[in-house]
Amino acid sequence: MILFDDLGFGSRAYSDAVISALALDGLRHLLPPIVDGSETAHSLGAAAAAETGLPEGLTVCLGYMDIVTSGIASGLCDPHTRPGLSILGSTGVHTRFAAGADEIVLNPDRTGYTVALAGDAFGQVQTNMAAAINIDWIAGIARDVLHAGGRPGDSAEILAGFDELVAGARPGAVTYHPYIATTGERGPFSDPCARASFTGLDRSVGWAELLRGVYEGLAMAARDCYAAMGETPAEIRVAGGAARSAQLVHILAATLNRPVRAVARDEAGAAGAAMIAAVQSGVFASLAEADAAWVRPLLRAPVRPDPDLGPLYDRLYPAFREGRALMQPLWHSQARNSQSSTRKHIT
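In this note's numbering, the protein residues as written are 4 to 350.
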C-alpha cells in the first residue's frame, strides 16, 4: 500500500517515485506482480504442496486484505445500493465505494487509504484508531469499581447490561472524543498525541450518561471519517464486535442520518475471499452477481435514523469537531509534560 502515491493509484501500478524515495530501487525485483484475484489464479506448485500438505495443482486465488474482503461480504460491491461499510472492531474502519479513480475524494490532511477492488473500482477508507476499545475501557472502569467495593463482576457481564443503560440515558448529555488509544489518532486526522476526554460534565451527569457519551462519541468519529471522504453513502453496512450492540447501531444511524444494516454472517473476511474465488472460478460472472446470491439474502432489516435524535446529533456534530480542534494544544502540552515526568522518573 505504501508503494502508491496520491495520484498514481488509478494506474494500479507501483510508483517509481515512492520506491526511489524509500531507497528500495535495488529490491524492486522482489515486488510481486499486482493482479486481480477475481481474474487471475495459479496452481499450487510441487514444493509448496509438499510444505503445506495441500494437493499439488490446487487453484490458489488472491483474496486481498481483510478490510476489502469484509467489505465485499457486507455488500460494498452492490451496484444498486453502493453502501458504505463501518467495521466497529478494536479500531473503526469506514469504507465508501468508488466506481473509478475519478470518484476518490482526497482530503487536505492526507489521511486515509485507497484500496483497489475488482475491475476499475476502489474502496476509499478512513480508520479511527480506537472503536470498541473505548467500550472495553469503560467496562474495565466499571469492573474495577465493583471489585473495589467487594463485588464480583467480569467485563462480559458488565457489557451485557450496557444497552439497557444507554437506552435510558439522556442523549447528548456529554461530548466524548474517543481517542483512547495510546498511539493517538490517524483518521480523519493524524496526531499521535490525541487523547480521549469527556466535556460538558455537571452534577446531573451519571454513569448511564457517561456510557451513552462513549457510544455517541464513536458514532461522531464515524461521521467525521465519512465527511473526510465526501458525501456519506446512502446506506451503511456494519460489522465487527461492537455492531452487536443494538443501541450503538441505533445511535450510529441517527448520527449519520442513514439507514444501517448488518449482514447475518460471521467471518465476513473469509466469506469475501470466497466470493472472489467464486468469480475467478466461474461460479459467478461478477462480484455483483455473487453479492446478489451470497449477501443480499442475509441482510438484516435496516435500522432507520431516529427522527428525534437525528436533528440533535446534527446540532452536536459541529461542537464535536470544534472541541477536537480546541483540545489539540492541550494534548501536545500533556505529551510534553508526560515525557518530562518519565525522564525524571527514570533518572
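C-beta atoms are modelled at their ideal positions from N, C-alpha and C, and glycine is treated no differently.
If you're wondering where the values come from, they're calculated on a predicted model, not measured in any experiment.
Under the DSSP definition of a beta bridge, residue 194 partners with 188. In the three-state reduction of the DSSP assignment, residue 335 falls in the helix class. Annotation: the continuous beta strand (DSSP E) that includes residue 95 extends over 95 to 101. Looking at the DSSP output, residue 116 bridges to 128. Contact between residue 220 and residue 181 holds, with the beta-carbon distance rounding to 4 angstroms and staying under 8 angstroms. A Cβ-Cβ separation of about 15 angstroms leaves residue 290 out of contact with residue 266 under the 8 angstroms criterion.
Residue 89 counts as buried, since at least 16 other C-beta atoms from the protein chains shown sit within 10 angstroms of its C-beta. Residue pairing by DSSP places residue 216 opposite no residue, since no beta bridge is assigned to it. In this structure, residue 72 places its C-beta atom within 9 angstroms of the C-beta atom of residue 278. A Cβ-Cβ distance of about 18 angstroms is found for the pair residue 308 and residue 85, leaving them out of contact under the 8 angstroms criterion. In this model, residue 174 and residue 105 are separated by some 39 angstroms (Cα to Cα). Per the coordinates, the alpha-carbon of residue 129 lies some 6 angstroms from the alpha-carbon of residue 228.
In the DSSP assignment, residue 14 forms no beta bridge with any residue.
Here the alpha carbon of residue 248 sits roughly 11 angstroms from the alpha carbon of residue 242.
Secondary structure note for residue 183: it is in no alpha helix (DSSP H), with a DSSP letter that is neither H nor E. Excluding sequence positions up to five before and after residue 198, its CB lies within less than 6 angstroms of the CB of 182, 334, all in the same chain and listed in chain order. Judged by their CB atoms, residue 195 and residue 238 are not nearer to each other than the 9 angstroms cut-off.
Within a 10 Å sphere around the beta-carbon of residue 330 sit 16 or more other beta-carbons, which makes this residue buried.
With a threshold of 16 other beta carbon atoms within 10 Å, residue 191 meets it and is buried. The alpha carbon of residue 321 has as its nearest neighbour, out of 264, 226, 233, the alpha carbon of 226. Here residue 98 is buried. Its C-beta has 16 or more other C-beta atoms within 10 Å. Taking residue 164 as reference, the option from 146, 47, 123 with the minimal CA-CA separation is 146.
Listed as beta-bridge partners of residue 201 by DSSP are 179. CA-CA distance, residue 121 to residue 318, rounds to 39 angstroms. For residue 142, the enclosing alpha helix (DSSP H) covers residues 135 to 151. In the structure shown, residue 91 falls within a strand segment according to DSSP collapsed to helix, strand and coil. In this structure residue 271 is in contact with residue 76, their Cβ atoms being roughly 4 angstroms apart against a cut-off of 8 angstroms. Residue environment for residue 282: buried (at least 16 other C-beta atoms within 10 angstroms of its C-beta). Closest by C-alpha distance to residue 287, out of 240, 42, 261, 170, is 42. Of the other Cβ atoms in all chains shown, fewer than 16 fall within 10 Å of the Cβ of residue 108; this residue is therefore exposed.
Cβ-Cβ distances below 6 angstroms link residue 61 to 47 in the same chain, with the five nearest sequence neighbours on each side left out; the list follows chain order.
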